[in-house]
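Number 172 in our numbering belongs to position 165 of the sequence shown; there are no gaps in the numbering.
In this text, a Cβ means the ideal position worked out from N, Cα and C, and glycines have one as well.
All values reported here derive from a predicted model rather than from experimental measurement.
As structure tokens, the structure follows; a few thoughts come after it.
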Amino acid sequence: MSSPGHRDRNSLPSFFPAVPLHQPPQSVCDDPLGHELRVENLSVNYGEVRALEDVNLSIRCAGCLALIGPNGAGKSTLLKSLAGLVNAASGEIRWRGSLIQKSSTEIAYLAQRSEVDWNFPLTVRGLVEMGRYPHLGWWRRFGKRDRDIVDQSLETMRLTELASRQISALSGGQQQRAFVARALAQEAHVFLLDEPFTGLDRPSQDLLKDLITQLAVEGRLVIASHHDLDTVPSIFDDVLLINRRQIAFGSVSEAFNIKNLEACFGSLNFHAQTSMRSQPSALADPTAGKNSSRISATSASLSS
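Here it is as structure tokens:
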């Protein structure tokens with residue numbers, strides 16, 4: 008993965024604190040090449056159905072990686088595998104040399120909104136406090152530092168005034184921000200986000216984009232499934248194109264191109280999808296966003 012060093016902290020909105028969100032990661036990359044998250048020969052089955060086939064990745068400990076692929080391609084399965092939530096049929100996943108464990112405090116997982124029971128009786132503060140549970144003892148007694156981290160997470164996601172409200176009473180964007188705040192309270196190093204921008208209003212999308220940028224600046228790793236091809240270059244450093252098997256993996260400038268997208272989605276499906284866009288900005292303009300993409304097709308060629 009490419010280095011997030013090109014990001015400028017001074018360009019971030021003023022609502023972010025001048026210091027890191029919480030404590031910086033406990034250690035820097037131990038691997039000389041910075042490859043901290045390793046996926047080796049990973050295959051996953053759901054019953055008799057193969058959901059993922061022989062995925063191999065070596066991911067640096069900091070940056071933003073987009074998972075791109077059609078519905079049913081295995082993006083959610085890969086994220087759940089990285090979080091230790093599903094068992095592999097073969098292969099293994101290691102974080103800093105150790106096998107992934109479900110209880111790892113260094114990895115935070117944010118499910119798709121459709122998988123959450125929004126009617127569960129829980130306040131916004133109660134939800135964010137759950138991010139501290141992996142750090143607490145058996146009796147789950149909160150100390151001052153735990154309360155401060157919860158307060159800061161709420162403030163970062165602009166939820167302080169909604170802290171006592173039930174999550175069922177929030178808008179879709181507010182609900183998503185509440186779950187991101189819980190991940191922040193966990194003080195994770197790796198953030199696994201499943202379609203985090205889906206259903207968000209524009210202000211919430213902008214807030215989440217800026218947060219992802221700051222997490223990378225602070226040396227954290229964000230891996231997110233993402234379906235809006237136009238916005239990939241403006242948010243992410245690297246991409247993994249997947250359709251049950253690994254199609255392409257690398258920097259946006261190298262891997263996010265027409266050839267790989269056609270291989271991932273199928274030529275007819277990809278052109279049908281892009282032809283529905285009236286302004287396929289990121290695909291049509293290789294200089295759009297923060298990364299220089301090699302996607303140079305024009306609107307006409309995308310629509311043909």
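{"query": "Residue range of the alpha helix (DSSP H) that includes Cys271", "result": "Ile265 to Phe272"}
{"query": "Inter-residue spacing [alpha-carbon to alpha-carbon] between Leu59 and Thr84", "result": "8 Å"}
{"query": "Segment limits, beta strand (DSSP E) that includes Glu60", "result": "Val56 to Arg67"}
{"query": "Rounded Cβ spacing between Ala361 and Ile114 (contact assumed at less than 8 Å)", "result": "The displayed coordinates of the chain run from 8 to 311. Any statement about residue 361 would go beyond what the structure contains."}
{"query": "Pairwise C-alpha distance: Ser241 and Val93", "result": "31 Å"}
{"query": "Beta-carbon proximity of Ala73 to Phe243, cut-off 7 Å", "result": "yes"}
{"query": "Three-state secondary structure (DSSP) of Thr294", "result": "Bear in mind that the predicted position of Thr294 carries a pLDDT of just 39, short of 50, making it too unreliable to give a figure here."}
{"query": "Cβ distance (whole Å) where Ala185 is taken to contact Leu177 below 8 Å", "result": "7 Å"}
{"query": "Contact the region 157–164 vs the region 123–140: 3+ CB pairs below 8 Å", "result": "yes"}
{"query": "Buried or exposed (CB count within 10 angstroms, at least 16 for buried), Asn267", "result": "buried"}
{"query": "Alpha carbon of Ser260 to alpha carbon of Asp217, nearest angstrom", "result": "21 Å"}
{"query": "Pairwise C-alpha distance: Cys68 and Glu162", "result": "26 Å"}
{"query": "Through-space distance from Asp201 to Tyr116, alpha-carbon basis", "result": "8 Å"}
{"query": "Opposing strand residues paired with Val46 [DSSP bridges]", "result": "Leu64 and Ile100"}
{"query": "Neighbourhood of Ile219 by C-beta distance below 7 Å, restricted to the same chain and skipping five residues each side", "result": "Cys71, Val229 and Ile242"}
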